[in-house]
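K.L.:
Here the numbering used here = 1-based position in the sequence shown + 82. Don't be surprised by glycine CBs; every beta carbon is placed ideally from N, CA and C. Since this is a predicted model, take the numbers as computed values, not measurements. Next up is a structure, given as structure tokens.
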Amino acid sequence: MKELVEYMVRSLVDKPEEVRISEVEKEQSVIYEVRVAPEDMGKIIGRQGRIAKAMRTIVKAASVKSGKKAVVEILE
83 MKELVEYMVR SLVDKPEEVR ISEVEKEQSV IYEVRVAPED MGKIIGRQGR
133 IAKAMRTIVK AASVKSGKKA VVEILE
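In structure tokens, the structure reads:
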């Protein structure tokens with residue numbers, strides 16, 4: 083799942099080498115914390131949050147198999 087998030091984020095940004103994704107495991111969920119270069123923040127969030135929402139939807143749908151809820155958080 084982390085690879086999926088990383089692939090989507092790296093495809094969108096201008097500086098893919100600065101993409102950092104950390105995985106935080108909880109009992110019922112997994113949180114993917116995404117960090118990118120400051121100038122790439124707008125590309126990850128998109129207009130009115132559309133790209134971020136689409137990424138969250140894809141990850142949520144892909145996490146159904148694992149039985150844990152997956153959450154994508156975009157951090158500065």
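Compare the beta carbon distance of S111 and K151 with 8 Å and say whether it is the shorter of the two.
P.N.:
The residue you call residue 111 lines up with position 29 of the sequence shown. The residue you call residue 151 lines up with position 69 of the sequence shown. Cβ distance < 8 Å, so S111 and K151 count as in contact.
K.L.:
Could I get the ranges of all uninterrupted alpha helix (DSSP H) runs contained in the stretch 93-145, with 4 residues as the minimum, in chain order?
P.N.:
123-127, 132-144
K.L.:
Please name the residue, chosen from R117, G128, A144, I127, that lies closest to E100 on a Cα-to-Cα basis.
P.N.:
Reading the sequence shown from its first residue, position 18 is the one you call residue 100. Nearest option by C-alpha distance: R117.
K.L.:
Have a look at R132, I133, A134, V153 and flag the residue whose alpha-carbon is nearest the alpha-carbon of K142.
P.N.:
Counting from 1 along the sequence shown, the entry for residue 142 is found at position 60. Measuring from the Cα of K142, the nearest candidate turns out to be V153.
K.L.:
Note down, in chain order, each residue of its chain lying with its Cβ closer than 8 Å to the Cβ of I103, except the 5 sequence neighbours on either side.
P.N.:
As a first step, residue 103 is located in the sequence shown; it is residue number 21 there, counting from the start. For I103, the CB contacts under 8 Å within the same chain, skipping 5 residues up- and downstream, are K84, V87, E88, V91, Y114, E115, V116, R117 in chain order.
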